[in-house]
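*Asks:* The opening position of the sequence shown corresponds to residue 1 in full-length UniProt numbering, with each subsequent residue numbered one higher.
Cβ atoms here follow ideal geometry from the backbone N, Cα and C, with glycine treated the same way.
Everything numeric in this text was worked out from a predicted model, so none of it was measured.
I have a structure here, written as structure tokens, and I will follow up with some questions on it.
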Amino acid sequence: MVGRIPVMDVSPVVDLGRLSAKATVGEPMPVRATVFREGHDQLAAEVVAIDPTGARRDPVRMHLAGDQPNIYLAHVTPDVEGEWTFEIHAWSDPIATWQHDGGIKIPAGVDVELMFTEARLLLERVAAGTGTDALDAREAGVVSGATAAAGDTERPVGARLAALQDPELDAVLLAHPLREMTSVSGPYRFRADRTRALFGSWYEFFPRSEGATRDEKTGTVTTGTFRTATKRLDRVAEMGFDVVYLPPIHPIGEVNRKGPNNTLTPGPEDPGSPWAIGSKDGGHDAIHPELGTFEDFDAFVARAGELGLEVALDLALQAAPDHPWVTTHPQFFTTRADGTIAFAENPPKKYQDIYPINFDNDPAGICREVLRIVKLWMAHGVRIFRVDNPHTKPLAFWEWLLAEVRRTDPDVLFLSEAFTKPAMMHGLGAVGYHQSYTYFTWRTGKREIEDYLVEVSAESDHLMRPNFFVNTPDILHSYLQYGGPAAFKVRAALAATGSPSWGVYAGYELYEHVAVKPGSEEYLDSEKYQIRVRDWEKADAEGHTLAPYLTRLNEIRRAHPALQLLRNVSIHHSDDDQVLVFSKRGGDSGEDVVLVVINLDPHGTRETMIHLDMPALGLDWHDSFVAHDEITGADWSWSQHDYVRLDPGWEPAHIISVRRTR
Numbered sequence: 001m002v003g004r005i006p007v008m009d010v011s012p013v014v015d016l017g018r019l020s021a022k023a024t025v026g027e028p029m030p031v032r033a034t035v036f037r038e039g040h041d042q043l044a045a046e047v048v049a050i051d052p053t054g055a056r057r058d059p060v061r062m063h064l065a066g067d068q069p070n071i072y073l074a075h076v077t078p079d080v081e082g083e084w085t086f087e088i089h090a091w092s093d094p095i096a097t098w099q100h101d102g103g104i105k106i107p108a109g110v111d112v113e114l115m116f117t118e119a120r121l122l123l124e125r126v127a128a129g130t131g132t133d134a135l136d137a138r139e140a141g142v143v144s145g146a147t148a149a150a151g152d153t154e155r156p157v158g159a160r161l162a163a164l165q166d167p168e169l170d171a172v173l174l175a176h177p178l179r180e181m182t183s184v185s186g187p188y189r190f191r192a193d194r195t196r197a198l199f200g201s202w203y204e205f206f207p208r209s210e211g212a213t214r215d216e217k218t219g220t221v222t223t224g225t226f227r228t229a230t231k232r233l234d235r236v237a238e239m240g241f242d243v244v245y246l247p248p249i250h251p252i253g254e255v256n257r258k259g260p261n262n263t264l265t266p267g268p269e270d271p272g273s274p275w276a277i278g279s280k281d282g283g284h285d286a287i288h289p290e291l292g293t294f295e296d297f298d299a300f301v302a303r304a305g306e307l308g309l310e311v312a313l314d315l316a317l318q319a320a321p322d323h324p325w326v327t328t329h330p331q332f333f334t335t336r337a338d339g340t341i342a343f344a345e346n347p348p349k350k351y352q353d354i355y356p357i358n359f360d361n362d363p364a365g366i367c368r369e370v371l372r373i374v375k376l377w378m379a380h381g382v383r384i385f386r387v388d389n390p391h392t393k394p395l396a397f398w399e400w401l402l403a404e405v406r407r408t409d410p411d412v413l414f415l416s417e418a419f420t421k422p423a424m425m426h427g428l429g430a431v432g433y434h435q436s437y438t439y440f441t442w443r444t445g446k447r448e449i450e451d452y453l454v455e456v457s458a459e460s461d462h463l464m465r466p467n468f469f470v471n472t473p474d475i476l477h478s479y480l481q482y483g484g485p486a487a488f489k490v491r492a493a494l495a496a497t498g499s500p501s502w503g504v505y506a507g508y509e510l511y512e513h514v515a516v517k518p519g520s521e522e523y524l525d526s527e528k529y530q531i532r533v534r535d536w537e538k539a540d541a542e543g544h545t546l547a548p549y550l551t552r553l554n555e556i557r558r559a560h561p562a563l564q565l566l567r568n569v570s571i572h573h574s575d576d577d578q579v580l581v582f583s584k585r586g587g588d589s590g591e592d593v594v595l596v597v598i599n600l601d602p603h604g605t606r607e608t609m610i611h612l613d614m615p616a617l618g619l620d621w622h623d624s625f626v627a628h629d630e631i632t633g634a635d636w637s638w639s640q641h642d643y644v645r646l647d648p649g650w651e652p653a654h655i656i657s658v659r660r661t662r
């Protein structure tokens, strides 16, 4: 039933309130609602958050959202993990009604003494404690003085009105409102996750390639192991990454094994795709024998922890034809009319080395088995799972699995690798996924990047947290294939500043950019099908590496709270269709402001004027500020309109720390 003061179109609300909106500890969450009433009397609204213990937190006053009539906004910042709720309280505000009417009538000489009498009666109600809380001594003195002024007919009318419009009185009345005809809407659910659900820098590598060697005479490749991969962790940590993500580490199927570049003719030494999981050596609960043992894996996880890294493990719910499940649980798969088990397909592509799981045959058995596997790896220190192709499994299954894990281990996070329709991507987030891959990789033009930054930060943020990966083993965008080293800088700078979570797949820092064929996004000699031997030390020694740039980006991200938030993007304007300008503002009182100016053209220098929305930077329109470039260390004096020159051969991006001048 609609309340006396209607409250409608509340957000964030997910699935009519059945599911929880996304929130993170320390992240301001915007709460909006349409609040209105009949007539001309004023109203007010506030948000009351209820924490996981059931304690009601101090209310947060709502304000009109910009120039949108009747749209009210407030920010709630959870400080503990868990399931929260919020309510919106709206009421008729006699104080605000008097302030509006009195400010018009008294100067016009209309009902002057009547208006002062009404003011005095309202202030007496405030003094009597009919607001939210009793007044302290200072506040009582302020109200008492204003009450006396309202009733003092010996004073000039202007002086009496000034006493009733004093900012100190306004502050007291705001803190102790008079509520009439209060309506309560809610409660509405939101869940606060740990900070890593929102903020983190990811680095992906294949353990079998880290420390791998090639015999120069025979060409024979010796695989890397967890022991050799452990040595690589120090460099990953030095670059400032927080999460090291491993593709599947399980035994690889031998039946229909793929050869180099996804061929169907592997040689005896070809290792196959890690996503073709399962062989005579075991399935999802086993480690590939060539990588090492569980003891080696535990040592890898332990070393990562010592370096401040979390380990994310791939969860790919599919099986090679020789996976143990094919014998022990054949009902997990689809049997075709000719009696064969169906291969995975994405027509015209066919994955002859993979059987997909059919959740229609034995859903209860699949649920039990997957939960067992997840719990096994959790017991070995894995607290983050990157899930392969979750959009090919039922949402109901993910809602159940993620709820089961959260019930006992709420710190465990899941990243969705779902490059699919927005409805499914948002649905996966709604049922519990903490992060998602995005369309970022394919957004390369200025307008589409601007639109996408707004979408992920302000339109789908209650459903889905983005993770901007600049590349993956499956995705080498043409922008990187033909853009040269500058393109790698542009995309890294954009991802690292545009999203609080971003990711890099190994080889990016070596500018690996050759596709298997024109028009393809697959890498030539893809690491998915063969071991990649990289000489990291040689690249460092020759300076042919983007590692120092990635390191600097991660340093900047850690130094600036504004870059650790999602819902704080503001788009600014430039006169050049290849120069993108946006800012992010954060910190306890919004004092940390980062302004990003990027030349999206990796082939040419761009000179243009940029035009800044100064209030979005926390400044007045006519202010100036020191623009400190966090990449080069240069300082400039900037204001609303500024000239920029960005040479991609030198530095294609300004990452500006806005420093206020006194």
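#1: With DSSP run on the structure shown, which of helix, strand or coil describes L73?
#2: With DSSP collapsed to three states, give me the class of Y452.
#3: Closest to G253 by CA distance: which of P247, L617, V244 and K280 is it?
#4: So what does DSSP say about P207, is it helix, strand or coil?
#5: Taking a contact to mean a Cβ-Cβ separation below 8 Å, would you say D353 touches A320 in this structure?
#6: Can you have a look at W84 and say buried or exposed, based on whether 16 or more other CB atoms are within 10 angstroms of its CB?
#7: Quick check for students: name the residue ranges of the alpha helix (DSSP H) that lie wholly in the region 408-467, counting only runs of 4 or more.
#8: May I ask you to list the residues that DSSP assigns as paired with W638?
#9: Give every residue of the same chain whose Cβ lies closer than 6 Å to the Cβ of T441, excluding the five residues on either side of it in the sequence, and list them in chain order.
#10: Of all the beta strand (DSSP E) runs that stay within the bounds of the region 299-380, which reach a length of 3 or more residues?
#11: Based on DSSP bridge pairs, tell me the residues matched to W84.
#12: So, at 7 Å on beta carbons, what are the nonlocal neighbours of Q640 in its own chain, with the 5 sequence-adjacent residues on each side left out?
#13: If distances are taken between C-alpha atoms only, which option among E591, P466 and P78 comes closest to P59?
#14: Which residue comes first and which comes last in the beta strand (DSSP E) that contains residue 686?
#15: Jot down the residue ranges of each uninterrupted beta strand (DSSP E) in the region 461-543, minimum 3 residues, whole runs only, in chain order.
#16: CA-CA distance, S501 and V76?
#17: Relative to the C-alpha of T545, which candidate in S570, P485 and L595 has its C-alpha closest?
#18: When you compare the CB positions of E38 and S185, do they come within less than 8 Å of one another, or not?
#19: Which residue comes first and which comes last in the beta strand (DSSP E) that contains H100?
#20: With distances taken from CA atoms, which of W202, A128, E124 and V110 is nearest W508?
#21: Might you give, ordered along the chain, the residues of its own chain that have their beta carbon closer than 7 Å to the beta carbon of T293, omitting 5 neighbours on each side?
#22: Considering P167, what are the terminal residues of the beta strand (DSSP E) in which it resides?
#23: Can you tell me whether S183 is helix, strand or coil according to DSSP?
#24: Looking at C-alpha atoms only, which residue of Y351, G211, H513 and P652 is the closest neighbour of R227?
#25: Which two residues bound the contiguous alpha helix (DSSP H) that contains L114?
#26: In chain order, what residues of the same chain lie with their CB nearer than 7 Å to the CB of D451, ignoring the 5 residues before and after it?
#27: By DSSP, does W398 sit in helix, in strand, or in coil?
#28: Per DSSP, what kind of secondary structure is A653 in: helix, strand or coil?
#29: Compare the Cα-Cα distances from W638 to each of M62, M609, A653 and I631 and report the closest residue.
#30: Do D101 and A430 count as a contact pair if the criterion is CB distance below 8 Å?
#31: Bridge partners of residue 681, per DSSP?
#32: Beta carbon of I249, beta carbon of L291: below 8 Å?
#33: Rounded to whole angstroms, how far is the Cβ of Q98 from the Cβ of L122, which I believe are closer than 8 Å?
*Replies:* Taking the structure as given:
#1: strand
#2: helix
#3: K280
#4: coil
#5: yes
#6: buried
#7: 422-430 and 446-454
#8: F625
#9: I475 and H477
#10: 310-315, 344-346 and 349-351
#11: F190
#12: H611, L612, M614 and W621
#13: P78
#14: Nothing in the structure corresponds to residue 686, since the chain is present only between 1 and 662.
#15: 501-505
#16: 21 Å
#17: P485
#18: no
#19: Note, H100: premise wrong, no beta strand (DSSP E); alpha helix (DSSP H) at P94 to A108.
#20: One detail in the question is off: residue 508 reads as Tyr in this sequence, not Trp. The option with the nearest alpha carbon to Y508 is W202.
#21: I287
#22: Note, P167: premise wrong, no beta strand (DSSP E); alpha helix (DSSP H) at P167 to A175.
#23: strand
#24: G211
#25: V112 to A127
#26: none
#27: helix
#28: strand
#29: M609
#30: no
#31: This structure cannot settle anything about residue 681, because the visible part of the chain is limited to 1 through 662.
#32: yes
#33: According to the sequence displayed, residue 98 carries Trp and not Gln. Contact holds; Cβ gap of about 6 Å.
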